[in-house]
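This report concerns only the one structure given below.
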Amino acid sequence: MPAVPLLGHYSRVGWIGAAPDADAGVRIRQDGEDIAAGGHAGLAARVTTALEPLPAFLAAADADRPVRIPLWGPWSLRLDDLLVTRMMEIAVHNDDLAVSVGASAPELPERAADTVVALLTRPARRRHGTSAVLRALARAERAPASIAAF
526 MPAVPLLGHY SRVGWIGAAP DADAGVRIRQ DGEDIAAGGH AGLAARVTTA LEPLPAFLAA
586 ADADRPVRIP LWGPWSLRLD DLLVTRMMEI AVHNDDLAVS VGASAPELPE RAADTVVALL
646 TRPARRRHGT SAVLRALARA ERAPASIAAF
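Positions 526 to 675 (our numbering) are the ones given, in order, by the sequence shown.
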C-alpha cells in the first residue's frame, strides 16, 4: 500500500474535530485504561522491553518503508513520517499528563521540539491560515484566540 504524505495522514484521521465521546476517543481512552491496568511497574516494564531493541531496529530500518497502522485506516506512512507522528503524540501527551498532576512537562530534546513544532504549525496553518499563525507567533496584539493544530 503506497504511503500518504504526513499531512495527508492528518487529513484522513477520524479523531480530528470528533467529540470526546465519539468512537475514536472512546477507543483511545479504553486502550489507555487497558494498558494502565497493570499499574506503574507493569507499564514501566513494557516500555523498557519495547525500547530495548529500538536503536538497532531504527539504525537498520529503511526510512522510506511504508508502515500501516490498521486502526488508523487504509493508508500507510513512510517510517520517518510515522516516527514524527509518535514524537508529536509523546510531546503533547507528556504535557497532558504533567498538567493532570500539577507538574511541569519535561523539556523535549531540541531536535524533537523542532520536529514537533514544525509538524504542528503545518495543520495549524491549514486550519487557521498563515497570517493567524504568524500573528500568534510574532504579534501578540493581533494574535487570534487559538491556532490549535487539531
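Just so you know, even glycine gets a beta-carbon here, dropped at the ideal spot from N, CA and C.
Segment limits, alpha helix (DSSP H) that includes residue i
i	result
Gly533	531-537
Pro580	579-585
Gly550	548-561
Pro545	Unbroken run through Pro545: none, as it is neither H nor E.
Glu632	Here Glu632 belongs to no alpha helix (DSSP H), and DSSP marks it neither H nor E.
DSSP state of residue i mapped onto helix, strand, coil
i	result
Arg603	strand
Val679	The structure shown does not extend to residue 679, since the chain spans only 526 to 675, so no value can be given for it.
Pro591	strand
Gly567	helix
Arg660	helix
Glu666	helix
Ile615	helix
Leu645	helix
Ala638	helix
Ala673	coil
Leu596	coil
When the options are compared against residue i, the one with the closest alpha-carbon
i	options	result
Asp587	Arg603, Pro580, Ala569	Arg603
Asp605	Met613, Ala566, Gly598	Met613
Trp600	Ala570, Leu531, Leu645, Ser671	Leu531
Arg593	Phe582, Leu579, Ser625, Thr610	Thr610
Gly595	Arg664, Gly539, Ala665	A quick correction: the sequence has Pro, not Gly, at residue 595. For Pro595, the nearest C-alpha among the options comes from Gly539.
Val642	Ile560, Ala616, Leu622	Ala616
Met526	Pro591, Gly550, Ala562	Pro591
Arg636	Leu644, Ser629, Ala630	Leu644
Ala674	Ala657, Leu579, Ala663	Ala657
Residues bridged to residue i (per DSSP)
i	result
Glu528	Inspection of the sequence shows that residue 528 is occupied by Ala rather than by Glu. Ala528 is bridged to Ser601.
heavy atom of the ligand ATP below 6 angstroms from residue i C-beta
i	result
Leu604	No copy of the ligand ATP appears in this structure; indeed no ligand is present at all.
Chain B within 7 angstroms of residue i, Cβ atoms only
i	result
Gly654	Among the chains in the structure shown there is no chain B, since it carries only a single protein chain.
**Study point:** contact_flag[the region 637-650, the region 531-550] where n(CB pairs < 8 angstroms) is 3 or more
**Key:** Contact between the region 637-650 and the region 531-550 is present, with at least three C-beta pairs closer than 8 angstroms.
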